[in-house]
Amino acid sequence: MTTFHPLPKQRAQMEIDALVDAEAFGRIQLGFAPADMQDKWHMRMEEGQWLRCYRSWTGHCIYEARFEWGETAEGEGYTIPEAWVNRDPAQYRNEDTAYDARMFIYLVRRLLLGHNVTLPAPNALSHRHKLVHEKHVMGEKDNGRPSVILLD
90 MTTFHPLPKQ
100 RAQMEIDALV
110 DAEAFGRIQL
120 GFAPADMQDK
130 WHMRMEEGQW
140 LRCYRSWTGH
150 CIYEARFEWG
160 ETAEGEGYTI
170 PEAWVNRDPA
180 QYRNEDTAYD
190 ARMFIYLVRR
200 LLLGHNVTLP
210 APNALSHRHK
220 LVHEKHVMGE
230 KDNGRPSVIL
240 LD
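Each residue of the sequence shown is one higher than the last, beginning at 90 in my numbering.
Structure below.
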């Protein structure tokens, strides 16, 4: 059983522009629990509105985002007015907040909504290292084919 550790005080705020309809939010609320050791993430709703993404092996919280119902220029739905990423170097070494925002959206779309989306990868990685990055981030169960794209 995984022990979950809260997001540390060392954190950075992410800007996430998203509008989620009620049906998709219902699926997000169900979360994602790892089925085996190859699953690298555990995602769950806590306190009714906070989605927290934990590394499955360590239980460290890497991402957390607060969902809130409201109206925007695009229509009604759930927005993410507040989102954070872990910046404790003993728990998570990435420092690119724009990449982290894309990674958080990827995890939601891939693991919670079941979308067939491509894994973002930091621009500085060589092709060979991108494949290693994908295995590290998502495990080996992902259809056996790489799905890495460069970030803008």
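Idealized CB from N, CA, C, for every residue including glycine. Just so it is clear, the structure is predicted and the values come from calculations on it, not from any experiment.
| query | result |
| --- | --- |
| Can you tell me whether Asn205 is buried or exposed? The criterion is at least 16 other CB atoms within 10 Å of its CB, across all chains shown. | exposed |
| In this structure, how does DSSP classify Ser236 when only helix, strand and coil are distinguished? | Low local confidence applies: a pLDDT of 42 at Ser236 is under 50, so the model's placement there is unreliable, and no value is given. |
| Should Met126 go down as buried or exposed, given a rule of 16 or more other Cβ atoms within 10 Å for buried? | exposed |
| Cα separation between Leu96 and Ala162? | 32 Å |
| Please report the distance separating the alpha-carbon of Leu239 from that of Thr207. | Unreliable positioning characterises Leu239 in this predicted model, as indicated by a pLDDT of 37, which lies under 50. The coordinate reading is nonetheless provided below. Leu239 and Thr207: Cα-Cα distance of roughly 10 Å. |
| Do you know offhand how far Arg133's Cα is from Gln118's? | 7 Å |
| Whole angstroms are fine: how far does the CA of Trp130 sit from the CA of Ala179? | 18 Å |
| Of the residues Gly203, Thr186 and Gly228, which one's Cα is nearest the Cα of Phe114? | Gly203 |
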